[in-house]
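All the letters of the sequence shown, read from the start, carry residue numbers 149 to 651 under my numbering.
Comments concern the structure below.
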Amino acid sequence: MAYKVLNSVLVKDAANLASLSTDMLVLVINKNTKNDSSFKELNKKSKNYISKTVQSHLDEPGSIVLLPKVDGINAKNILLVKGLDTDTPTHKWLSLFQSIAHKGNQSKCKDISIMPGTITPKDKDELWLIEMVSKTIESNVYIFSETKNKTSKKPSVKKLTILTSGLTGSKLTKAKQAAKVGYAIGEGVNTAKYLGDLPANHCTPRIIEKKVKAMTKDFPKLKVKSFNEQQMEKMGMGSFLSVSRGSEEPARMMVIEYKGGKSSDKPIALVGKGVTFDTGGVSIKPSPAMDEMKWDMCGAATVFGVMSTLARLNADVNVVGVMGCAENMCSSKATKPGDVVTSMSGQTIEILNTDAEGRLILADCLTYVGKYKPSYVIDMATLTGAVVIALGRHASGVMANDQYLADKIIESGEESGDRAWQLPLWDEHQSCTKTKYADLANIGGGREAGTIHAAAFLSKFTNDYKWAHIDIAATASYSTPVKAGTGRPVPLISQLLLSKKLK
Ligand code: BES
Ligand code: ZN
Ligand code: MN
149 MAYKVLNSVL
159 VKDAANLASL
169 STDMLVLVIN
179 KNTKNDSSFK
189 ELNKKSKNYI
199 SKTVQSHLDE
209 PGSIVLLPKV
219 DGINAKNILL
229 VKGLDTDTPT
239 HKWLSLFQSI
249 AHKGNQSKCK
259 DISIMPGTIT
269 PKDKDELWLI
279 EMVSKTIESN
289 VYIFSETKNK
299 TSKKPSVKKL
309 TILTSGLTGS
319 KLTKAKQAAK
329 VGYAIGEGVN
339 TAKYLGDLPA
349 NHCTPRIIEK
359 KVKAMTKDFP
369 KLKVKSFNEQ
379 QMEKMGMGSF
389 LSVSRGSEEP
399 ARMMVIEYKG
409 GKSSDKPIAL
419 VGKGVTFDTG
429 GVSIKPSPAM
439 DEMKWDMCGA
449 ATVFGVMSTL
459 ARLNADVNVV
469 GVMGCAENMC
479 SSKATKPGDV
489 VTSMSGQTIE
499 ILNTDAEGRL
509 ILADCLTYVG
519 KYKPSYVIDM
529 ATLTGAVVIA
539 LGRHASGVMA
549 NDQYLADKII
559 ESGEESGDRA
569 WQLPLWDEHQ
579 SCTKTKYADL
589 ANIGGGREAG
599 TIHAAAFLSK
609 FTNDYKWAHI
619 DIAATASYST
629 PVKAGTGRPV
639 PLISQLLLSK
649 KLK
């Protein structure tokens, strides 16, 4: 089952705009537009109505005017958009495309045709712009409606056409490729949004397993292995299994292999935290906003989304994705504070707080993935509330044992508009994992630097390879203005893998 919303994304030359049959023609107006021959011809057909409206109604960059049908022009609606400047930050460009997607659905349009123009942020080019339009429209026409019945709303927009001016030959081919890449990343984002938005009773580890297996029908290049609790027990994953112990829902570890590169190339490994619901366990969470803990599987959802994007694009990289899925509940069988378990690495762990469960799952997944002798390992997890306090909602937190890897993650965040920021992970931070009763404790450091102390714990399981940890607790979902998954960091990770920066 594919999770894309649009049925097609096309790139076309903007000739004969007046006769273009579309529900919404979006014209991004900037200083180059008045000299554009397709625009001039269109404006003439409207008897200068378009240029007059631009003058009288569009002021601030990013402002929008929706026009109903204009005589002489075939489009059912025209959306005039005042273009942004080269020094407008990337996030504003993306929010503009986002509002265009929303306008399309609100106006019940079946398709959007957009002429994004040739002005781009100053360090980006037209191909970047086309990729971002395609990605952002695909991922923002998405509407979650699966658990609505009488009030369900479906996205109306099913088709996107990107109109370019004067691109021919290899330039046009590249533009088409950029649109295809954006579309596939948008599909990955929607995969992650959808899994995150599903309520926890509709998204247990076994349900995720079914969905992952079903995905191989669309993408036969993805090979899926799934491990049940007995198999994980045999591998010695006592840390992972301590999390699902209190739940009726059994845990699953899914491994998705994608080999698009040379068979001699070592894979890049992605590891995602997939806690389908986090009550905190016996160290139970307070009830306000506990519903938001259905998004505690967004690390695993990102793995799922990125793997589908790679397969959709036939990308020439080797990647292995691990999804560690479990439900963290409290019951008479649940792990208790002070319990000591043995991890797959052989290190024993005193579980002082059952709400610090993500790191317990990741510890064993990170040990497991070492068997692939990966060139780099990146884990993604909604790991700490502390990262929301440290960085706010705009950046994911990166910590790494390899600076090159951290730099490339941050660069890819800038490139994709899905930003990340580094926090230190120093030797001094390691002291917090000491305890009298086991090799490690799962918490430490008190109220100080909770995000870094979680990473310090993980670093005890990642000595054999180059590794980065991305804490996405603040970025994978919003709680205001509406609670929703964002599909982050699918854009960042897809950009990183597709750009081949890690070769
Ligand atoms: N899933 C939570 C982290 C989280 C908090 C994600 C808010 C999204 C929004 C994680 O399992 C957790 O409970 N972490 C604890 C760690 C603490 C017990 C050391 C936290 O952040 O409070
Ligand atoms: Zn959690
Ligand atoms: Mn927790």
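Cβ coordinates follow ideal geometry from the N, Cα and C atoms, glycine included.
Taking 4 residues as the shortest admissible run, the segment 247-331 contains the following complete alpha helix (DSSP H) segments, listed from N- to C-terminal end: 274-288. For Arg-393, the closest of Val-454, Lys-410, Thr-483 by C-alpha to C-alpha distance is Thr-483. For the pair Leu-168 and Leu-311, the CB atoms are nearer than the 9 Å cut-off. Here His-617 is bridged, per DSSP, to Asp-527, Met-547. Taken through DSSP and simplified to helix, strand or coil, Trp-574 comes out as coil. As summarised for the segment 355-422, the continuous alpha helix (DSSP H) elements at least 4 residues long and confined to that stretch are 377-382, 386-392, given in chain order. Under the three-state reduction of DSSP output, Ser-625 falls in the strand class.
Gln-643 sits buried, since 16 or more C-beta atoms from the chains shown fall within 10 Å of its C-beta.
Inclusion of Lys-230 and Val-202 in the CB contact set at 9 Å is warranted, their separation being smaller than that value. Ordered along the chain, residues surrounding ligand 2 are Val-423, Asp-426, Asp-444, Gly-506 [Cβ under 5 Å from any heavy atom]. Within the same chain, Val-159 come within 6 Å of Lys-324 by CB-CB distance, once the 5 residues on both sides are set aside.
Rounded to whole angstroms, Val-153 and Thr-490 show a C-alpha spacing of 44 Å. DSSP, reduced to helix, strand and coil, places Phe-245 within a helical segment of the structure shown.
When distances are taken from the beta-carbon of Ala-538 to the heavy atoms of ligand 3, even the shortest one reaches 8 Å or more. Taking C-alpha positions only, Ala-597 is separated from Leu-539 by approximately 12 Å. In this structure, Ala-504 has its beta carbon less than 8 Å from a heavy atom of ligand 3. Contact between the segment 334-347 and the segment 440-457 is present, with at least three C-beta pairs closer than 8 Å. The segment 165-180 makes no contact with the segment 331-342, as fewer than three CB pairs between them are under 8 Å. Per DSSP, the beta bridge partners of Glu-498 are Val-488, Ala-589. DSSP, read as helix, strand or coil, puts Asp-426 in strand. When the five nearest sequence neighbours on each side are left out, the beta carbons in the same chain lying within less than 8 Å of the beta carbon of Lys-270 are those of Thr-234, Asp-235, in order along the chain.
A direct Cα-to-Cα measurement between Ser-627 and Leu-315 gives close to 42 Å.
Bounds of any alpha helix (DSSP H) do not take in Val-218, whose DSSP letter is neither H nor E. Close CB contacts of Lys-302 within its chain, under the 7 Å cut and outside five residues either way in sequence, are with Ile-291, Ser-293 (chain order). Sequence-distant partners of Asp-207 (beyond 5 residues in either direction) whose C-beta falls short of 8 Å from its own C-beta, in its chain, are Lys-230. The Cβ neighbour count for Arg-541, taken over all protein chains shown within 10 Å, is under 16; the residue is labelled exposed.
The beta carbons of Ser-456 and Phe-367 sit about 6 Å from each other, so the pair counts as a contact at 8 Å.
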